[in-house]
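Chemist: Have a look at this one.
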Amino acid sequence: MIYDQGTDVSSDVYAPAEVRVALRSGSTDHGSQTPSRAKSYTSASAQRVDIDKFTQKLQSITRLTSTQRCARSIRVALESAGAKVKGHPVAAADWGGTLTKIGYRKINPSFENPKKGDIYIIDRNDSSKYGHIAGYSGSNWVSDYKQSGYAVYRNKNVNYSYYRLDH
1 MIYDQGTDVS
11 SDVYAPAEVR
21 VALRSGSTDH
31 GSQTPSRAKS
41 YTSASAQRVD
51 IDKFTQKLQS
61 ITRLTSTQRC
71 ARSIRVALES
81 AGAKVKGHPV
91 AAADWGGTLT
101 KIGYRKINPS
111 FENPKKGDIY
121 IIDRNDSSKY
131 GHIAGYSGSN
141 WVSDYKQSGY
151 AVYRNKNVNY
161 SYYRLDH
């Protein structure tokens with residue numbers, strides 16, 4: 001399901017997100033650029049998303065059943081990887097625009113050959129008014145639980161959107 005806020009907010013208290021500011025000078029290059037990580041990508045909006053951190057966070061999710069908070073789980077994993085998702089949507093089905101803003105691009109579904117960091121979204125449907133979102137950890141599709149595959153609804157007539165980080 002698949003919303004990003006629970007009904008019991010008292011149990012969802014988190015430390016403030018770490019903020020990193022990069023100062024750049026257009027006139028002088030002092031050669032002090034931070035070395036890039038092999039699995040980090042900088043989007044067009046100058047965000048750095050570390051695929052390894054994203055997938056590590058996904059791999060830390062060990063539940064075998066849904067808590068109906070998939071959008072929250074993917075958001076937390078993206079934020080742990082450096083993504084800034086201020087003003088993010090609540091419903092999983094509405095995350096496509098946010099993903100493209102942080103450097104993902106929509107591609108044809110690639111369920112037979114997923115890559116680490118890929119994300120799919122299922123549109124709203126008869127089974128879920130919020131849709132669904134999940135990320136590929138390198139070995140499993142994970143949302144708010146470790147999924148047995150990408151097809152989480154019995155209804156075969158759901159619409160998928162598939163996203164991969166540009167690099």
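Taken in order, the sequence shown gives residues 1 to 167; the numbers are from our numbering. Note that CB positions come from ideal geometry on N, CA and C, so glycine has one too. These numbers were taken from a predicted model, which means no experiment stands behind them.
On a Cα-Cα basis, can you pick out the residue from L165, Q56, S80 and R69 that is closest to K115?
Modeler: Against the sequence shown, residue 115 aligns to sequence position 115. Taking only the C-alpha atoms, the option nearest K115 is L165.
Chemist: Nearest to S143 by CA position, among D118, V158, R124 and N125, is which residue?
Modeler: Along the sequence shown, read from residue 1 onward, the residue named residue 143 stands at position 143. S143 has its Cα closest to that of D118, out of D118, V158, R124 and N125.
Chemist: Kindly indicate the opening and closing residues of the alpha helix (DSSP H) around G97.
Modeler: Residue mapping note: residue 97 aligns to position 97 of the sequence shown, counting from 1. Run containing G97: G96 to K101, per the alpha helix (DSSP H) assignment.
Chemist: By the three-class DSSP mapping on this structure, what secondary structure does Y160 have?
Modeler: In the sequence shown, the residue the question calls residue 160 occupies position 160. Strand at Y160.
Chemist: Look at the alpha carbon of D8 and the alpha carbon of Q68, and state the distance between them as a whole number of angstroms.
Modeler: As a working mapping, residue 8 is identified with position 8 in the sequence shown. As a working mapping, residue 68 is identified with position 68 in the sequence shown. Here D8 scores only 38 on pLDDT, less than 50, and its place in the model should not be relied on; the value that follows carries that caveat. Taking the straight line from one Cα to the other gives about 13 Å.
Chemist: Do you know offhand how far Q147's Cα is from T98's?
Modeler: Looking up residue 147 in the sequence shown gives position 147. Looking up residue 98 in the sequence shown gives position 98. Their backbone Cα atoms lie some 23 Å apart in a straight line.
Chemist: By Cβ distance, which residues of its chain are closer than 6 Å to R124, with the 5 residues on each side in sequence left out?
Modeler: The residue you call residue 124 lines up with position 124 of the sequence shown. Correct list, in chain order: A93 and G131.
Chemist: As a quick exercise: from N159, Q59 and G87, pick the residue whose alpha carbon is nearest that of S127.
Modeler: Position 127 of the sequence shown, counting from 1, holds the residue named residue 127. Closest option to S127, Cα to Cα, is N159.
Chemist: From I122, K101, G138 and K57, pick the residue whose C-alpha is nearest to that of N113; which is it?
Modeler: Here residue 113 corresponds to residue number 113 of the sequence shown, with the count starting at 1. Among I122, K101, G138 and K57, the Cα nearest to that of N113 is on G138.
Chemist: Quick one: is K53 buried, meaning 16 or more other Cβ sit within 10 Å of its Cβ, or exposed?
Modeler: Start at 1 with the first residue of the sequence shown, and residue 53 comes out as number 53. Buried.
Chemist: Please report the straight-line C-alpha distance between H88 and W95, rounded to a whole angstrom.
Modeler: Taking the sequence shown and counting its residues from 1, the one referred to as residue 88 is at position 88. Taking the sequence shown and counting its residues from 1, the one referred to as residue 95 is at position 95. Each residue's alpha carbon lies about 7 Å from the other.
Chemist: Between T100, Y163, Y145 and R154, which lies nearest to K57 when the distance is taken from Cα to Cα?
Modeler: Residue 57 sits at position 57 when you count from the first residue of the sequence shown. Nearest option by C-alpha distance: Y145.
Chemist: Compute the Euclidean distance between the alpha carbons of A81 and F111, then round it to the nearest angstrom.
Modeler: Mapped onto the sequence shown, residue 81 falls at position 81. Mapped onto the sequence shown, residue 111 falls at position 111. Distance between the alpha carbons of A81 and F111 is about 23 Å.
Chemist: May I ask you to report which of helix, strand or coil DSSP gives R48?
Modeler: One-based indexing of the sequence shown puts residue 48 at position 48. Note: R48 maps to strand in three-state DSSP.
Chemist: Kindly indicate which three-state DSSP category T72 falls into: helix, strand or coil?
Modeler: The count along the sequence shown starts at 1 and reaches residue 72 at position 72. In the sequence as presented, Thr is not what sits at residue 72; that position holds Arg. Three-state DSSP puts R72 in a helix.
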